[in-house]
Each structure stands twice: as C-alpha cells, then as structure tokens.
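Have a look at the structure below, then the notes.
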Amino acid sequence: MAYRVKKFRGYRRMLKKLMRVVEDYQPNWRPDEADGRAEFLELDLYSHRFFHPRGKDRKALFSALLRKTEALIAAKPAELPFCKIFLFVPEGDLGQAEIVLIYDRERFETFWLRTDPADERWILQRDRSLLTELGLSTTLPERCVLEEYPIPWIEGCVERALIWGYGELSPSVAEPDGAG
C-alpha cells in the first residue's frame with residue numbers, strides 16, 4: 002500500500018491562504034542591483050512541508066498558479082530590459098511551486114541547461130505532462146525535466162526527481178535542436 006499523508010488539521014485554512022497568496026502576489030518589477038539575487042525573484046508559497054494537495058484541491062491550486070503566471074507575463078512592463086517569467090514545480094509538488102522572475106539574460110539561459118557534471122543534470126522528458134494528469138489546459142508551454150544529482154555522502158548514489166516548468170522557457174531546453 003502506498004504511503005499517503007492524511008489531510009492535517011488546518012488543511013483548508015492552509016489551502017485558502019495559499020490561494021490568497023497566489024492571487025494577491027504583485028512583483029515590484031524593479032530588480033535591485035545591490036542584491037545578489039537581483040535577477041531571480043520568486044513567489045514562494047511558504048507551505049507546510051506536509052502540505053500536499055490532492056484531487057480537486059491540487060487542480061484548483063495549479064490552475065490558480067497557471068492563471069497568475071499568464072497574468073504576470075501579460076502585465077510585464079515593456080520598459081524592462083530583460084524579464085522572463087515562469088512557473089517552477091519541483092516533483093509536481095504544488096506546495097513547493099514558485100513563480101520565478103529572472104531579470105538577467107545569462108542567468109535565464111543557463112537556468113534550464115545544467116550540463117556540468119559537478120551540478121545536477123536536467124534531462125528533457127517528452128512523455129510526461131502534469132497538465133494532462135490533472136486534466137487542465139493552458140496557453141503556456143510545458144516542459145518536464147528529470148533532475149539527477151549525486152548524494153555526496155553515499156558513494157555512487159544518484160537522486161532523481163521530475164521538475165515541471167510553464168511560461169517563458171529557454172528555447173534551448175524546449176527542443177533538442179533549439180527550436181521553440
């Protein structure tokens with residue numbers, strides 16, 4: 002039998018809070034040059050580590066995240082020299098999802114290309130779709146990558162996880178030949 006976490010006390014309150022956080026989020030659209038993370042602003046849902054919405058709750062939260070990502074892309078100021086926006090969903094866990102705004106072109110291009118053996122590797126997966134799994138649709142492009150990273154304290158052990166992205170994605174990860 003698969004292990005499943007029960008809905009915990011305050012689950013509904015947590016879900017409503019997260020939906021409000023997503024709906025109310027407004028970036029300042031001004032990257033702070035003194036900040037080391039200037040090119041990488043994010044909406045972190047700050048969810049409880051045991052919060053894993055299922056069923057209609059998962060679908061509702063994912064739909065809200067997709068709508069907010071679409072709205073931010075549409076509302077992006079034209080005077081910004083560079084800004085790319087996408088939804089980042091590690092392991093399909095919406096409780097850990099982030100809407101990411103990257104203001105640096107080099108950072109954006111290298112975000113999806115993790116080919117250095119010292120770093121984790123990301124391998125494009127064509128046969129996976131979180132949208133299909135949840136029965137949702139969006140105008141945003143969807144990408145799924147398999148993340149592989151070594152566990153340093155266990156010789157020869159490699160951890161694997163699926164990561165989904167939606168929105169303005171690097172064309173270099175979109176297709177192997179670099180096309181859209």
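The sequence shown lines up with residues 2 to 181 when you count with my numbering. Glycine included, every Cβ here is placed at the ideal spot set by N, Cα and C.
Check: Check each candidate in Glu149, Thr140, Lys17 and name the one with the smallest Cα separation from Arg59.; Outcome: Lys17
Check: How many Å lie between Glu169 and Val159 at the Cα?; Outcome: 29 Å
Check: Do we get a CB-CB distance below 9 Å when we pair Val22 with the residues of chain C?; Outcome: No chain C is present in this structure, which holds just one protein chain.
Check: Rounded C-beta distance between Glu92 and Ile164? I'm assuming under 8 Å.; Outcome: 7 Å
Check: Report the residue from Glu110, Arg144, Thr133, Thr140 whose alpha carbon sits nearest the alpha carbon of Leu125.; Outcome: Arg144
Check: Which first and last residues belong to the beta strand (DSSP E) in which Leu131 is found?; Outcome: Element bounds for Leu131: not the beta strand (DSSP E) but the alpha helix (DSSP H), 131 to 135.
Check: Give me the Cα-Cα distance between Asp128 and Phe51, rounded to the nearest whole angstrom.; Outcome: 28 Å
Check: Could you compute how far the alpha carbon of Arg122 sits from the alpha carbon of Leu135?; Outcome: 27 Å
Check: In chain order, which continuous runs of the alpha helix (DSSP H) of length 4 or greater are located wholly inside the stretch 51 to 119?; Outcome: 56 to 76, 106 to 112
Check: Could you give the DSSP three-state label for Leu16: helix, strand or coil?; Outcome: helix
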